[in-house]
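Colleague: Below you will find the structure I want to go over with you.
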Amino acid sequence: MTLTVDIQRQLGHFCLKAAFDAPEGVTVLFGRSGSGKTSIIRSIAGLLNPDRGRIHLGDRVLFDSDARTNVPVHKRRLGYVFQDSRLFPHLSVRDNLCYASRVSGRGSRRPEEVAGLLGIEHLLARRTHGLSGGEAQRIAIGRALLAEPDMLLMDEPLASLDGPRKAEILPYLETLRGETGVSILYVTHNMAEVARLATHIVLIEDGTVVQSGPPERVLTDPDMVRVVGIRDAGAVLSARVVAQPDDGVSELAVSGGRLFLPAVDAPVGSELRVRILAQDVILSRTRPEGLSALNILPVRVLAVRRGEGPGVIVQMQAGDDLLLARITRRSADAMGVAEGATCFAVMKSVAVSQTDIAVGLQTGI
Amino acid sequence: MMLGLGPEEWQAVLLSLKVSFWATLVSLPFGVICAMALARGQFIGRDVLNWLVHLPLVLPPVVTGYLLLLSFGRRGPVGGFLYDTFGVTFAFQWTGAALAAAIMAFPLMVRAMRLAIEAVDPKLEEAAATLGASRLRVFTSVTLPLILPGIIAGAVLAFAKAMGEFGATITFVSNIPGETRTVPSAIYAFLQVPGGEDAALRLVVVAVFIAVAALILSEWLSRRVARRIAGK
Chain A
7 MTLTVDIQRQ LGHFCLKAAF DAPEGVTVLF GRSGSGKTSI IRSIAGLLNP DRGRIHLGDR
67 VLFDSDARTN VPVHKRRLGY VFQDSRLFPH LSVRDNLCYA SRVSGRGSRR PEEVAGLLGI
127 EHLLARRTHG LSGGEAQRIA IGRALLAEPD MLLMDEPLAS LDGPRKAEIL PYLETLRGET
187 GVSILYVTHN MAEVARLATH IVLIEDGTVV QSGPPERVLT DPDMVRVVGI RDAGAVLSAR
247 VVAQPDDGVS ELAVSGGRLF LPAVDAPVGS ELRVRILAQD VILSRTRPEG LSALNILPVR
307 VLAVRRGEGP GVIVQMQAGD DLLLARITRR SADAMGVAEG ATCFAVMKSV AVSQTDIAVG
367 LQTGI
Chain B
328 MMLGLGPEEW QAVLLSLKVS FWATLVSLPF GVICAMALAR GQFIGRDVLN WLVHLPLVLP
388 PVVTGYLLLL SFGRRGPVGG FLYDTFGVTF AFQWTGAALA AAIMAFPLMV RAMRLAIEAV
448 DPKLEEAAAT LGASRLRVFT SVTLPLILPG IIAGAVLAFA KAMGEFGATI TFVSNIPGET
508 RTVPSAIYAF LQVPGGEDAA LRLVVVAVFI AVAALILSEW LSRRVARRIA GK
């Protein structure tokens with residue numbers, strides 16, 4: 007079920023003007039703080055009324071200013087996971103999970119099923135006081151899922167959690183789509199979450215959509231580096247584990263060759279996504295010899311983007327995949343890195359952190 | 328001590344309880360609506376409503392009583408209408424005492440409820456709506472349970488205030504034994520006659536006991552609001 011959004015809303019001096027589609031899968035709305043992504047997702051949920059426009063989910067009209075349609079929040083059948091968990095303090099964890107079926111008769115699943123999926127069975131009988139942030143957020147996700155929404159809206163669900171708590175929840179989010187089949191619209195300004203979860207990306211800047219599409223294409227667009235942020239720029243590659251030798255360095259096949267990454271926690275044959283940051287990639291015109299870096303992929307330069315600063319962004323083709331590298335302008339000039347040049351992209355194995363490897367999620371192409 | 332109360336004193340105590348009970352019960356829904364409107368509402372005239380609710384707190388009670396007499400008396404605009412349409416009268420009836428007590432206690436009731444409502448995070452109500460709850464269901468399943476102890480605390484305070492109402496009551500409905508002679512009016516009446524001090528003192532003890540009990544109950548309930556909102 008595709009969500010179609012085309013809305014306008016004046017918020018003080020800020021003009022929100024967003025149009026995009028969110029196909030099945032996990033669509034990530036990515037933008038810096040204040041870019042208007044929360045206003046967009048609140049409009050979709052009906053918590054904020056656009057001045058003009060349309061919002062459709064499949065063939066259901068949720069909002070249409072021309073037809074004067076504005077379905078109230080409680081009839082939109084959209085789950086919403088907020089940044090803060092917003093559990094009801096007067097109810098137990100179980101009653102929080104069952105809330106939707108109690109107030110609307112919506113949802114026929116038993117809370118135990120969803121609790122099992124999110125690892126919160128042991129909390130069912132508890133009150134909400136004293137839950138950790140990660141536990142509370144998993145309960146909030148379960149509560150939204152048990153309402154059996156047509157789509158799950160998640161507004162920076164991990165933003166209020168610290169690093170370890172984030173790492174605790176991310177795997178659950180990854181299994182959500184596979185296990186429940188529910189489509190997700192996910193708002194974040196964290197690129198690591200994008201790389202792990204997204205099957206479709208919508209980039210937002212100053213209240214408008216600047217680019218949308220599959221992450222492999224959007225994230226490797228050199229023109230989008232500005233929006234993504236220079237430190238977060240990088241490619242997402244599909245990979246398959248081909249060997250797990252004893253020395254702890256896993257061997258992965260990508261379309262452009264082989265990657266060697268430390269101790270990837272996945273059995274041989276599993277499909278992965280690996281995020282490679284532009285700033286971790288070194289270029290060489292000749293195949294390097296006697297180098298400690300294990301990952302060397304032959305590439306062809308597609309584009310070189312020069313910006314204001316001393317750095318340039320190089321977009322390269324490695325097999326069927328696109329890669330980005332960030333190098334200095336001086337090196338680019340000295341090496342003759344230009345469109346059509348052949349090079350070797352070099353990455354240290356340990357440069358790819360475990361949080362940048364997503365297990366068990368197919369990409370959206 | 329209770330056994331020491333004479334029939335006249337018992338009559339005053341029972342009448343006070345009846346008047347206060349009905350004053351509290353009937354004003355309760357209006358109190359909740361006013362508190363909701365003041366805590367959450369955004370409408371023109373919100374300030375005016377706020378003043379109106381608080382007026383009995385700052386006006387001399389005798390003024391409030393006289394205004395009630397003017398408007399709710401048999402020939403007053405409101406009282407006349409009620410008598411002609413429903414046959415209901417307030418003047419010199421125990422119902423009038425209840426009305427005066429309710430009006431005087433209303434600011435306290437609304438204040439306690441408003442504080443409880445303001446302590447509820449509207450974000451919770453937003454979350455409830457996204458889970459499929461209509462506005463009415465949001466109120467009954469989230470807002471009301473969270474503010475219930477606050478509502479009860481407001482009611483208890485109003486009850487205690489109603490028990491002690493004197494100035495407006497005696498101005499509006501006079502001091503008729505068995506009809507409008509509540510505990511404070513009775514204490515006043517006993518003090519006007521020689522040898523009435525003992526009876527007055529016994530009623531004073533009863534009044535103090537009820538007031539303190541109400542305050543303690545109200546405090547305890549307020550703490551429960553805080554605990555409930557914290558999810559303990």
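Chains as they are written, first to last, in the numbering used here: chain A, 7 to 371; chain B, 328 to 559. For each residue, glycine too, the CB sits at the ideal point set by N, CA and C. In this text the structure is predicted, and so the values were computed from the model without any measurement.
1) Helix, strand or coil for B:L365? Go by DSSP, reduced to three states.
2) Give the secondary structure of A:S244 by DSSP, where H, G and I count as helix, E and B as strand, and everything else as coil.
3) Can you tell me whether DSSP reads B:I371 as helix, strand or coil?
4) Among residues of its own chain, excluding the 5 on either side of A:V216, which ones have a beta-carbon nearer than 8 Å to its beta-carbon?
5) When you compare only the Cα positions, how much space is there between A:G59 and A:F36?
6) Can you tell me the Cα-Cα spacing of A:R279 and B:R367, whole angstroms?
7) I need the straight-line Cα distance from A:D238 to B:C361, nearest angstrom please.
8) Excluding the 5 residues preceding and the 5 following A:G325 in the sequence, name in chain order all residues of the same chain whose CB lies nearer than 6 Å to its CB.
9) Within its chain, find whatever has a CB closer than 8 Å to the CB of A:F266; leave out the 5 residues flanking it on each side and keep chain order.
10) Can you list, in chain order, the residues of its chain whose CB lies under 7 Å from that of A:S290, leaving out five sequence neighbours each side?
11) If A:D12 sits next to A:F88, beta carbons under 8 Å apart, how far is it from one beta carbon to the other, in whole angstroms?
12) What's the C-alpha gap between A:V242 and B:V359?
13) Any idea if B:L484 is buried or exposed, counting beta-carbon neighbours within 10 angstroms, 16 or more meaning buried?
14) Judging by CA-CA distance, which residue of B:A443, B:E453 and B:V340 is the nearest neighbour of B:P472?
15) Please list, in chain order, the residues of the region 530 to 559 of chain B that have any C-beta partner in chain A closer than 7 Å.
16) Taking only runs of the alpha helix (DSSP H) that begin and end inside the region 125 to 198 of chain A, which ones reach a length of at least 4 residues, in chain order?
17) Applying the criterion that 16 or more other CB atoms from any shown protein chain within 10 Å of the CB defines a buried residue, is B:K488 buried or exposed?
18) Please confirm if A:L68 has its CB atom under 7 Å from at least one CB of chain B.
19) DSSP three-state call for B:I503: helix, strand or coil?
20) Identify whether A:L97 lies in helix, strand or coil by the three-state DSSP scheme.
21) Buried or exposed: where does B:K450 fall if 16 or more other Cβ atoms within 10 Å of its Cβ makes it buried?
22) Identify which residue in A:A245, A:H62, A:G136 and A:V79 has its Cα closest to the Cα of A:A73.
23) Take B:L365 and list the residues in its own chain whose beta-carbon comes closer than 8 Å to its own, dropping the five residues that flank it on each side.
24) Along chain A, which residues have their Cβ under 8 Å away from the Cβ of B:R367?
25) Which of the three DSSP states is assigned to B:S347 in this structure?
26) Could you tell me the boundaries of the beta strand (DSSP E) in which A:F69 lies?
27) With DSSP collapsed to three states, give me the class of A:M7.
Modeller: Result, derived from the coordinates:
1) Your numbering for residue 365 of chain B matches position 38 in the second sequence. Looking at B:L365 - three-state DSSP - the assignment turns out to be helix.
2) In the first sequence, residue 244 of chain A corresponds to position 238, counting from 1. Note: A:S244 maps to strand in three-state DSSP.
3) Here residue 371 of chain B refers to the residue found at position 44 of the second sequence. Coil.
4) Position 210 of the first sequence holds residue 216 of chain A. Correct list, in chain order: L209, I210, M230 and V233.
5) Counted from its first residue, the first sequence places residue 59 of chain A at position 53. Counted from its first residue, the first sequence places residue 36 of chain A at position 30. Answer to the nearest angstrom: the Cα atoms are 21 Å apart.
6) Residue numbering aside, residue 279 of chain A sits at position 273 when the first sequence is read from its first letter. Residue numbering aside, residue 367 of chain B sits at position 40 when the second sequence is read from its first letter. C-alpha of A:R279 to C-alpha of B:R367: approximately 48 Å in a straight line.
7) For the purposes of this step, residue 238 of chain A is taken as residue 232 along the first sequence, with counting starting at 1. For the purposes of this step, residue 361 of chain B is taken as residue 34 along the second sequence, with counting starting at 1. A:D238 and B:C361: Cα-Cα distance of roughly 52 Å.
8) The residue given as residue 325 of chain A occupies position 319 in the first sequence. S261 and G262.
9) Looking up residue 266 of chain A in the first sequence gives position 260. Cβ within range, chain order: V255, S256, E257, L258, L300, N301 and S355.
10) As a first step, residue 290 of chain A is located in the first sequence; it is residue number 284 there, counting from the start. Excluding sequence neighbours, A:S290 sits near C349, F350 and V352.
11) Position 6 of the first sequence, counting from 1, holds the residue named residue 12 of chain A. Position 82 of the first sequence, counting from 1, holds the residue named residue 88 of chain A. About 24 Å separates the beta carbons of A:D12 and A:F88, which is beyond the 8 Å limit, so they are not a contact pair.
12) Position 236 of the first sequence, counting from 1, holds the residue named residue 242 of chain A. Position 32 of the second sequence, counting from 1, holds the residue named residue 359 of chain B. The C-alpha of A:V242 lies about 56 Å from the C-alpha of B:V359.
13) Translated into the one-based positions of the second sequence, residue 484 of chain B becomes position 157. Buried.
14) Locating residue 472 of chain B in the second sequence gives position 145, where the first residue counts as 1. Per the Cα distances, B:A443.
15) Residues of the region 530 to 559 of chain B whose Cβ lies closer than 7 Å to any Cβ of chain A, in chain order: R555, I556, A557, G558 and K559.
16) You should have 139 to 152 and 169 to 186.
17) The residue you call residue 488 of chain B lines up with position 161 of the second sequence. By the neighbour-count criterion, in which a residue is buried when 16 or more other Cβ atoms sit within 10 angstroms of its Cβ, B:K488 is buried.
18) Your numbering for residue 68 of chain A matches position 62 in the first sequence. At a cut-off of 7 Å between beta-carbon atoms, A:L68 makes no contact with chain B.
19) Here residue 503 of chain B refers to the residue found at position 176 when the second sequence is read from its first residue. Correct three-state label for B:I503: coil.
20) Against the first sequence, residue 97 of chain A aligns to sequence position 91. Coil.
21) Along the second sequence, one-based indexing puts residue 450 of chain B at 123. With fewer than 16 other Cβ atoms within 10 Å, it is exposed.
22) Indexing the first sequence from 1 puts residue 73 of chain A at position 67. The option with the nearest alpha carbon to A:A73 is A:H62.
23) Along the second sequence, one-based indexing puts residue 365 of chain B at 38. Excluding residues up to 5 positions away in sequence, R373, L376, N377, V380, V437 and R441 lie with their Cβ nearer than 8 Å to the Cβ of B:L365 in the same chain.
24) As a first step, residue 367 of chain B must be located in the second sequence, where it is residue number 40. None at all; the shortest Cβ gap to chain A is about 16 Å.
25) Position 20 of the second sequence, counted from the start, is the residue given in the question as residue 347 of chain B. B:S347: helix per DSSP, three-state reduction.
26) If you number the first sequence from 1, residue 69 of chain A lands on position 63. Taken as a continuous stretch (DSSP letters only), the beta strand (DSSP E) holding A:F69 covers R66 to D70.
27) Within the first sequence, residue 7 of chain A is the residue found at index 1, counting from 1. DSSP places A:M7 in coil when its eight states are reduced to three.
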